[in-house]
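Here's the structure we're looking at; comments come further down.
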Amino acid sequence: AVDFAFCPDFAALAKVYGIAGYTVETAAQFDAVVEEVLAGEGAALVNCLIEPEENVLPMVLAGRGLDEAVS
101 AVDFAFCPDF AALAKVYGIA GYTVETAAQF DAVVEEVLAG EGAALVNCLI
151 EPEENVLPMV LAGRGLDEAV S
């Protein structure tokens, strides 16, 4: 994860373009949002906020492909 001083409200930005937008902070919220997204029609953006200490997998070095993930 990356810790930016400013992070745009991606859910609000999605809504500007007519796309359903959600921001999720907990696993419980995620499950509920996924159910809502799958029940809906059209595109949706789900912005998942995670702790900076969490590993985000797969880890891939800059300029490399997903088949070259760090293990």
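FYI, in the working numbering the residues of the sequence shown are 101 to 171.
Just so it is clear, CB atoms sit at the ideal spot from N, CA and C, and this is done for glycine as well.
From residue i to residue j, what does the alpha carbon distance come to, in whole angstroms?
i    : j    : result
V134 : G163 : 31 Å
Y122 : A114 : 9 Å
E136 : Y117 : 19 Å
A112 : A105 : 18 Å
F130 : E153 : 19 Å
N155 : I119 : 28 Å
A139 : G165 : 33 Å
Per DSSP, residue i is paired with what?
i    : result
C148 : V124
V170 : M159
Got a sec: is the Cβ-Cβ distance from residue i to anything in chain B below 8 Å?
i    : result
E141 : Absent from the structure: chain B. Only one protein chain is present.
Within a Cβ cutoff of 8 Å, which residues of the same chain sit near residue i, ignoring the five residues on either side of it in sequence?
i    : result
F110 : G121, T123, L145 and N147
L161 : E168 and V170
If you drop the 5 nearest sequence neighbours on each side, which residues of the same chain put their C-beta closer than 7 Å to that of residue i?
i    : result
E125 : L149
Rounded to whole angstroms, how far is the Cβ of residue i from the Cβ of residue j, which I believe are closer than 8 Å?
i    : j    : result
P158 : A169 : 4 Å
State the DSSP-derived secondary structure class of residue i, mapped to helix, strand or coil.
i    : result
V156 : coil
F106 : coil
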